[in-house]
Amino acid sequence: MTSGHRTGRKRPRAIGYLLATTLTTCTLVACGASPTGGSEPSLSPTIRAHGAPNDSYEVCWAAPAGGSGTLAFVDRTDELGLTAPLAGMMGHAIAAGDINDDGWVDLFVGTFADRPPSEYAGRGASGPSPDQLLLGSPTGFTLDTTFPETRGRSSGAVFADLDNDGDLDLVIARNPRTGARQTAPSVVLRNDDGRFSEAGVLDTKRGFRSIGVLDADGDGLLDLFVTEDRWTGGSSVLYRNNGDLRFSDATTDFGLPKNVHGLGVSTADLNGDQWPDLFVSGSNRLFLHRGPSDHGFTEDTQSDFGWPTYGKEDDPAGVVARDLDGDGRPELVIGQHYNSTLDDDRQVPIRVYANRTEGNRIRFVDVTDSAGLLGLPTKSPHVEVADLDADGLPDLVTTAAADEHGPVVFRNVTETPGRLKFEVSAVPGGAQYWVTGSILDADHDGALDVALVEWFPEKPSLLLSTTGSRGHWLAVELGAAGTLGVGSEVSVYAAGHAGDAAHLLGRAQISAQSGYGAGAEPVARFGLGDTSRVDIEIRRLRSEPAQILHAVEADRWIRVGAPCP
């Protein structure tokens, strides 16, 4: 493949959609043929569904359910063009998103480039590579040679629409030191028609890690919460978005203490009040949004998030929030960065805290052991929640390696809401683990792919495709102008039963970040099992009533509120 740059068009802005105040329904009207079977995905005809003005959705692409056998992984790194561009890297950050609105997911990969050149030699590299932007296409990924060349200590990244122009800007968290290739600051990069340039510096000294994206004050602009690790000061920061990609430290303005250290952050609404809450993993502290009165946060101490530790560098790491048992409330899944797994042969699990909130009383309960989550013999700093087999139960993807090829996955086999159960998909392996990763569908075949970012330069980062039996699936993207849906909640129900909890099939909040140092595509993905048609309920933060889409066919990626590419 050749290197190059593709300039895409911006999404049309649909401001009126965000201001809708009446319940709307949409009925599917096909403008082109849709796939009915076979193994090849349908990439072109767009199918439009129409309701009230600006309340339409389109089917951007479709791919049938199918496959056979048990869940497994196939290495497609080289086939999709990711081997050579990621040589010479100590990878520590990844962000996924369609930065030029051409319909294909793109990847940013950040690296620590501060070691002696000899440590990066091998696999075609003679020294440290810079951070890289890789552009997706129907044939794989190509290196964007126009992306700003920076060598520093890039520890986290997210794509998010921070200036409400309809495209995804980029935030890079860095962990600077004093020395060669160590001083690059944490920055915000502006996206202009798919090309990035520096818009501003967030910080030059703090040891930042993961980036959370949220509208903390309800002004329609996405703010940033950036975690600082405990080794460099432990002072995480909430940055207020002042417009035009300008940010200011508003940590104390929002009632947050200055001593919150962390490796990961969730900005999900955990208590159902339609305001984003903050859970900072590492220190494992929960801060609940106080609502529209003052837009501040109050620390909650009703739940015990304590972990046993065995050494000085044993830390909870990345975090993701997702409803795992079908009761509509998001659980918290937390990875572990435990050196004692490697140093002392400890077996340490990722942990799951079940959401047992009742009314105004929020409560999380550690169900790790009862849910069957085995201890891992190595680190799993990053975690993901994704229904890899599309059976309707979201699975837990770790970044610990299995004996067989790929990561350890805990398949969700829960049968009763409130009683989580998981089964390990493959035997946990030895010392191998990956720092971070991302879930995507790089080739539009309907089967989810897992990107795994490698720290050691002598080993490649990987792009693994899932194989095996796969049920029906659905992906929902909110493409209207503004935040592009970040913080919105999407629920799917059996067709004809929108809003009926007894027929809830899945619920997800659209987030720009996931796990440890990773940026996520702003899309809600669902496995549906045998269900081929669903109703969809969309609740944007503080927007009532919900938007309802009726009888939507499965096995499609749909965009609501703006046209497909």
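In case it helps, mature numbering (1 follows the signal peptide of the UniProt record, and there is no 0) puts the sequence shown at residues -32 to -1, 1 to 533. Think of the CB as a built atom: it goes at the ideal place given N, C-alpha and C, for glycine as much as any other residue.
Coil, strand or helix - residue i by DSSP
i: HIS412; result: coil
i: THR14; result: At THR14, the pLDDT of 36 sits below 50, so the modelled position is not reliable; the number obtained from the coordinates is stated separately. Three-state result, THR14: coil.
i: ALA52; result: helix
i: THR220; result: coil
i: ASP43; result: strand
i: ASP503; result: strand
i: residue 539; result: As displayed, the chain neither begins before -32 nor continues past 533, which places residue 539 out of reach and without an answer.
i: ALA466; result: coil
i: THR(-9); result: A caution first: THR(-9) carries a pLDDT of 35, below 50, which makes its placement in the model unreliable, though a value can still be read off. THR(-9) falls in the coil class under three-state DSSP.
i: ASP74; result: strand
i: VAL87; result: As written in the sequence, residue 87 is Glu, which differs from the Val given in the question. Helix.
i: ASP262; result: coil
i: THR277; result: coil
i: LEU136; result: coil
i: HIS373; result: coil
Option nearest residue i by Cα separation, candidates the options
i: PHE176; options: PHE164, ARG379, GLN477 and PRO144; result: PRO144
i: VAL287; options: ASN252, GLU422, LEU157 and ASP268; result: ASN252
i: HIS440; options: TYR25, SER24 and ALA30; result: ALA30
i: HIS229; options: LEU213, LEU246, LEU238 and PRO53; result: LEU246
i: SER482; options: LEU442, PHE41, LEU182 and ARG379; result: LEU182
i: VAL155; options: PHE164, GLY147, SER165 and ILE140; result: ILE140
i: SER123; options: VAL77, PRO85, ARG149 and ASP112; result: VAL77
i: PRO345; options: VAL395, VAL403 and ARG379; result: VAL395
i: LEU254; options: ASP262, GLY188, ASP131 and GLY223; result: GLY223
i: ALA61; options: GLU457, PHE494, GLU422 and ARG331; result: GLU422
i: ASP498; options: GLY34, LYS389 and GLY180; result: GLY34
i: ARG331; options: PHE41, GLY264 and LEU256; result: LEU256
i: MET57; options: PHE80, TRP72 and ASP411; result: PHE80
i: ALA469; options: ARG163, THR451, GLY495 and ILE504; result: ILE504
i: PRO375; options: ASP43, SER24, TYR25 and PRO32; result: ASP43
i: ASP99; options: PHE109, LEU75 and ASN328; result: LEU75
Inter-residue spacing [alpha-carbon to alpha-carbon] between residue i and residue j
i: residue 538; j: SER338; result: The question about residue 538 has no answer here: the residues shown for the chain are numbered -32 through 533.
i: ALA462; j: GLU87; result: 54 Å
i: LEU192; j: PHE215; result: 9 Å
i: ALA152; j: VAL528; result: 38 Å
i: PRO21; j: THR219; result: Summary for PRO21: the model assigns pLDDT 35, below 50, so the residue's position carries little reliability; its value from the coordinates is reported in the next sentence. Rounded to the nearest angstrom, the two C-alpha atoms are 39 Å apart.
i: GLY95; j: PRO425; result: 10 Å
i: CYS(-7); j: SER433; result: Unreliable placement is indicated for CYS(-7), whose pLDDT of 38 sits below 50; no coordinate value is reported for it.
i: GLY436; j: ASN307; result: 34 Å
i: ALA285; j: ASP197; result: 10 Å
i: PRO298; j: GLN477; result: 9 Å
i: LEU431; j: ALA322; result: 30 Å
i: PHE127; j: PRO362; result: 24 Å
i: LYS173; j: LEU157; result: 18 Å
i: GLU521; j: GLY37; result: 25 Å
i: THR404; j: HIS518; result: 37 Å
i: LEU213; j: ASN132; result: 10 Å
i: GLU372; j: PRO428; result: 17 Å
CB of residue i within 8 Å of CB of residue j, strictly
i: GLY340; j: ALA369; result: no
i: GLY232; j: TYR484; result: yes
i: THR195; j: SER178; result: yes
i: ILE526; j: VAL27; result: yes
i: VAL351; j: THR366; result: yes
i: VAL320; j: VAL301; result: yes
i: LEU356; j: LEU416; result: yes
i: ARG493; j: ALA443; result: yes
i: ALA514; j: GLY447; result: no
i: LEU103; j: PRO53; result: no
i: PRO85; j: PHE164; result: no
>> Between the region 506 to 520 and the region 308 to 323, can you find at least three pairs of beta-carbon atoms closer than 8 Å?
In response: The region 308 to 323 vs the region 506 to 520: no contact.
>> Would the region 342 to 359 count as touching the region 486 to 506 if we require 3 or more Cβ pairs under 8 Å?
In response: The answer is yes - the region 486 to 506 touches the region 342 to 359, with three or more Cβ pairs under 8 Å.
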